Amino acid sequence: MHQRSNINAEPVLHIKGLDLSYATAHGRAAALTNISLSLAPGESLGLVGESGCGKSTLLKAIMGVMPSNAAIEGGQVIFKGADLVAGSKEAWRKARWAGISMIAQSALNALNPVRRISAQIAEAILTHKSMPKSELRARICHLFEIVGVDPERIDDYPHQFSGGMRQRVLIAMALALEPSVVLADEPTTALDVIVQDQIFNRLRALRDELDFAILLVTHDLAVVIENCDRIVVMYGGMIVETGPTREVVRAPSHPYTLGLRNALPRLGVDYEPIAIPGRPPDLVDPAPGCRFAARCPFALPVCRVVTPDLLPSTPDRAARCHRAGEMETLASLAGKVETWNRVGDLANAP
Amino acid sequence: MGRYLATRLSHVVITLFAMMTLTFFLFRLLPGDPTAMVISPALDPAAQEAMRVRFGLDRPLVEQYFVYLANLARFDFGYSFRTSGPVWDLIQGRLVNTLLLILPSMTAAYAIGAFLGAYIGWHRGSRTEAGVILVATILQSAPLFWLSMLAILFFSIKLDLFPTGHIVSPGSFPEQTWRMYLTWDFLHHLALPFMVNTLYQLCFPLLLMRSTMLSTVGEDFIELARMKGLTERQVLFRHAMPTSLLPLATTLPMILGWAVAGSVVIETIFSWPGLGLLMVEAVTQADYPLVQGAFLLIAVLTVTGTFVADMLYGMLDPRIVYR
Ligand SMILES: Nc1ncnc2c1ncn2[C@@H]1O[C@H](COP(=O)(O)OP(=O)(O)OP(=O)(O)O)[C@@H](O)[C@H]1O
Ligand code: SF4
Ligand SMILES: [Mg+2]
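Chains F and G are the protein sequences, given in the same order. Note that the first sequence covers residues 0 to 349 in numbering that gives the first Met the number 0. Note that the second sequence covers residues 0 to 322 in numbering that gives the first Met the number 0.
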């Protein structure tokens with residue numbers, strides 16, 4: 000995909016200092032802490048991080064559709080200049096789907112099993128504008144065509160489709176109102192690699208054609224490299240690194256990104272993926288200092304005391320690490336299994 | 000679908016036939032001589048014999064069985080021992096009375112139960128929810144006859160709001176006629192048994208609907224419906240309620256059984272001249288042709304009802320494919 004040049008345009012979606020917590024049996028879990036990011040019109044931004052780091056939580060917060068135990072504790076979600084968090088519920092509801100739509104994580108369960116696909120797409124459209132029935136059906140057929148599903152089948156039920164087709168249907172549904180932002184939450188997790196490729200190719204082509212901005216969530220760095228102009232790396236509910244995808248992947252500024260990069264297959268090298276040992280941090284009662292410290296092979300004493308800020312290194316890059324400046328030297332160590340195992344041993348020691 | 004329907008229908012016919020046969024032999028094998036009830040041993044033997052012949056009780060069992068089948072095919076359920084009138088005539092009027100009480104009551108119970116259950120499930124954790132569940136659980140575990148008597152004691156005897164029983168005031172209509180259903184008096188008599196039965200029967204759908212709703216609320220498609228910008232009402236009525244109805248719909252065949260059991264109790268206590276009460280009377284008086292007729296009718300109603308419920312479920316859930 001070609002790089003977009005309008006990164007400096009007024010952002011269509013701008014998130015500022017978003018804090019969100021879940022009420023749990025053990026107390027409030029800080030699922031998102033001080034999240035800031037912006038999305039330029041037509042831009043494609045990849046959001047990566049391990050399971051449980053808060054990716055879905057962030058997308059749901061942007062949609063304003065959160066579980067009942069979630070609370071936004073601060074920050075703004077600015078869509079086309081208006082803060083949705085500060086505005087009325089009704090204003091946020093109207094912005095959903097018409098302005099910001101979502102391709103859900105699980106295609107199987109995201110569709111209502113007892114209603115026809117056509118009805119489920121029609122309802123998304125009719126909630127936001129009125130349209131004569133014939134035009135509505137033509138529109139749904141057209142949507143099926145652009146995602147590559149036989150328009151004859153718009154009146155089928157979800158169970159009559161394969162997993163790949165359901166995912167396409169969800170994409171069609173997300174594009175129904177030509178939104179300016181599409182959030183995609185691991186749109187291909189349940190699919191095999193070939194179908195996965197087809198879906199992403201289709202998505203790229205559609206983005207070039209319809210020019211929506213996309214926030215693509217995945218835990219697969221390779222998907223981001225192939226699809227996204229910029230990348231945001233999350234860890235434990237915080238953004239730890241952000242920047243243009245190519246630069247970040249070539250020269251990460253954060254040890255966690257280095258760790259993620261180790262999972263990438265490398266051509267010509269005797270490839271052995273290295274996992275990051277340890278467990279995600281406790282979000283209810285986070286340890287002081289850097290959230291990654293317990294698993295970081297390069298942690299210094301200061302890291303366990305002082306929480307690093309997300310500091311810019313160049314105008315379009317930033318990282319949250321006390322040793323961001325030394326990363327070039329640390330990168331060579333990060334490619335070795337021993338480096339990470341040492342932390343694992345330390346973490347497992349009594 | 001056509002073939003499935005044919006197989007299912009043939010099952011219905013086979014079940015009904017088996018039930019008729021079973022009913023016949025069951026009643027003939029009962030201990031005691033049923034004829035003793037109507038044919039007084041004090042009568043002179045010739046008269047006793049004449050009555051035996053009149054009721055066909057003198058012929059061999061197998062022959063009686065074929066006569067019985069042939070008669071059923073002509074809606075001839077035989078003659079009551081007590082009144083000597085045709086059983087079908089007795090049953091007909093009673094059936095109407097039962098349907099007028101039980102049908103609206105069960106419909107109301109399921110409509111209200113499903114709706115209320117869905118509502119409290121949707122607003123889980125509310126105080127209304129806790130209260131409704133408590134009351135429903137208590138009502139459900141109380142015996143229906145006890146509830147009925149309690150209602151009579153309180154509303155009829157203490158507050159004198161409703162009559163204690165019967166379908167119309169005694170003496171107002173010596174004969175059963177359709178005109179009596181058009182009176183206030185009838186509605187006044189209907190009110191209490193209707194309410195007691197409705198209240199009792201709505202507990203099951205309510206509790207089931209609530210627990211289904213609790214899991215539906217967390218479904219991904221509910222979340223997606225919200226993300227599409229639907230209002231909470233639309234999410235509830237278009238997505239959450241219809242899908243939560245499915246488990247309840249699968250219990251429809253069972254409901255018929257409860258309706259029958261409930262009608263026997265309610266009619267007995269409220270002296271409601273319906274099929275249930277007729278059956279109780281017939282059993283205590285050993286009026287075997289009558290009991291048999293009522294049994295058969297209930298069997299037919301239940302079997303066809305189950306069949307209809309199955310068909311309806313297939314229409315509700317598109318994932319069911321008939322083969
Ligand atoms: N409703 C909830 N109540 C309490 N905690 C929750 C709730 N939903 C999510 N969490 C917690 O919040 C954190 C972030 O969850 P989230 O689903 O956003 O992660 P994710 O990055 O999307 O993970 P995955 O890659 O597995 O989808 C996790 O620790 C999770 O356990
Ligand atoms: S701040 Fe310290 S612990 Fe955290 S990532 Fe950087 S080096 Fe590791
Ligand atoms: Mg997720």
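A virtual CB, placed ideally from N, CA and C, is assigned to each residue, including glycine. This one's a predicted model, so the numbers in the text were calculated from it and none came from an experiment.
Note down the Cα distance separating Pro-112 (chain F) from Phe-297 (chain F), rounded to an integer number of angstroms.
50 angstroms
Can you find at least 3 beta carbon pairs, one from the region 115-132 of chain F and one from the region 202-215 of chain F, that sit closer than 8 angstroms?
Using a C-beta cut-off of 8 angstroms, the region 115-132 of chain F makes no contact with the region 202-215 of chain F, since fewer than three inter-stretch Cβ pairs fall below that distance.
With a 10 Å radius around its C-beta and 16 neighbouring C-beta atoms as the bar for buried, classify Thr-197 (chain G) as buried or exposed.
By the 10 Å Cβ count, Thr-197 (chain G) comes out buried.
Under the three-state reduction of DSSP, which class applies to Asn-33 (chain F): helix, strand or coil?
strand
Sorted by chain position, which residues of the same chain lie with C-beta nearer than 6 angstroms to His-1 (chain F)'s C-beta, five sequence neighbours on each side aside?
Note that His-1 (chain F) scores a pLDDT of 46, beneath 50, so its modelled location is shaky; the value from the coordinates is reported in the next line. In its own chain, leaving out the 5 sequence neighbours on each side, no residue places its CB closer than 6 angstroms to the CB of His-1 (chain F).
Whose C-alpha, out of F:Ile-139, F:Ala-97, F:Ala-318, F:Glu-208, is nearest the C-alpha of Ala-250 (chain F)?
F:Ala-318
Please classify Trp-96 (chain F) as buried or exposed, where buried requires at least 16 other C-beta atoms within 10 Å of its C-beta.
buried
Using only alpha-carbon positions, find the residue among F:Asn-340, F:Gly-288, F:Trp-339 that is nearest to Cys-320 (chain F).
F:Gly-288
Using C-beta distances below 6 angstroms, list every residue in its chain close to Tyr-64 (chain G), excluding the 5 sequence neighbours before and after it, in chain order.
Phe-23
How big is the Cα-Cα spacing for Leu-135 (chain F) and Ile-153 (chain F)?
12 angstroms
Beta-carbon within less than 8 angstroms of Gly-16 (chain F)'s beta-carbon, same chain only, minus the 5 sequence neighbours each way: which residues are those?
Same-chain partners within the cutoff: Asn-33, Ile-34, Ser-35, Gly-73, Gly-74, Gln-75.
If contacts are defined as beta-carbon pairs under 8 angstroms, then Leu-176 (chain F) and His-127 (chain F) qualify, I think. What distance do you get, rounded to the angstrom?
6 angstroms
Which residues have a Cβ closer than 7 angstroms to any heavy atom of ligand 3, listed in chain order?
F:Lys-54, F:Ser-55, F:Gln-104, F:Asp-184, F:Glu-185, F:Val-216
I'd like to know if Asn-68 (chain F) contacts chain G, where contact means its C-beta is closer than 7 angstroms to some C-beta of that chain.
no
Tell me whether Ala-30 (chain F) counts as near ligand 1, meaning its Cβ is closer than 6 angstroms to at least one heavy atom of that ligand.
yes
Just how far apart, CA to CA, sit Ala-281 (chain G) and Leu-289 (chain G)?
6 angstroms
Just to make sure I have the definition right: I need the residues of chain G whose C-beta is within less than 9 angstroms of the C-beta of Ser-87 (chain F). Which are they?
Those do not exist, as Ser-87 (chain F) stays about 13 angstroms from chain G at its closest Cβ, beyond 9 angstroms.
On the DSSP letters alone, give me the boundaries of the alpha helix (DSSP H) that Gly-163 (chain F) sits inside.
162-173
Residue-level contact to chain F via CB, Leu-229 (chain G), 7 angstroms cutoff:
yes
Contact between the region 47-60 of chain G and the region 249-259 of chain G (3+ Cβ pairs under 8 angstroms)
no
Cβ of Pro-246 (chain G) within 7 angstroms of any chain F Cβ:
No, Pro-246 (chain G) lies away from the interface with chain F (no Cβ there is under 7 angstroms from its Cβ).
Proximal residues to Ser-4 (chain F) (C-beta, below 6 angstroms), its chain only, five neighbours per side dropped
Interpretation of Ser-4 (chain F) is limited by its pLDDT of 47, a score under 50 that renders its predicted location unreliable; the figure taken from the coordinates is listed afterwards. Result list for Ser-4 (chain F): empty, nothing under 6 angstroms.
Would you decide whether Arg-123 (chain G) is buried or exposed? Buried here means 16 or more other CB atoms lie within 10 Å of its CB.
exposed
Straight-line gap, Ala-348 (chain F) to Leu-207 (chain G) (C-alpha atoms, nearest Å)
Residue confidence for Ala-348 (chain F) is low, a pLDDT of 49 falling below 50, so the modelled location carries little weight and cannot support an answer.
Taking Cβ-Cβ distances below 7 angstroms as the criterion, which residues of the region 279-301 of chain F are in contact with chain G?
none
Give the residues from the region 194-227 of chain G that approach chain F closer than 8 angstroms (Cβ to any Cβ), ordered along the chain.
Glu-218, Asp-219, Phe-220, Glu-222, Leu-223, Ala-224, Arg-225, Met-226, Lys-227
Alpha helix (DSSP H) containing Lys-227 (chain G): first to last residue?
It is not in any alpha helix (DSSP H) - Lys-227 (chain G) carries neither H nor E in the DSSP assignment.
Secondary structure at Leu-28 (chain G), three-state DSSP: helix, strand or coil?
helix
Residues near Tyr-255 (chain F) by beta carbon distance below 6 angstroms, same chain, minus five either side:
Tyr-234, Val-239, Phe-291
Decide yes or no for the touch test of the region 293-308 of chain G against the region 135-146 of chain F: beta carbon pairs closer than 8 angstroms, at least 3 of them.
no
Could you tell me if the beta carbon of Met-214 (chain G) falls within a distance shorter than 6 angstroms of some heavy atom in ligand 1?
Here residue 214 (chain G) is Ser; the residue named in the question, Met, does not match the sequence. No - ligand 1 has no heavy atom lying nearer than 6 angstroms to the Cβ of Ser-214 (chain G).
For Ser-312 (chain F), the nearest candidate out of F:Asp-228, F:Gly-242, F:Lys-59, F:Thr-306 (CA to CA):
F:Gly-242
Name the DSSP beta bridge partners of Arg-95 (chain F), please?
F:Ile-99
Nearest by alpha-carbon distance to Ile-14 (chain F): which of F:Met-326, F:Gly-48, F:Met-62, F:Arg-167 is it?
F:Met-62
Grab me the residues of Asp-210 (chain F)'s own chain with a C-beta within less than 8 angstroms of its C-beta, minus the 5 sequence neighbours each way, in chain order.
Pro-40, Gly-41
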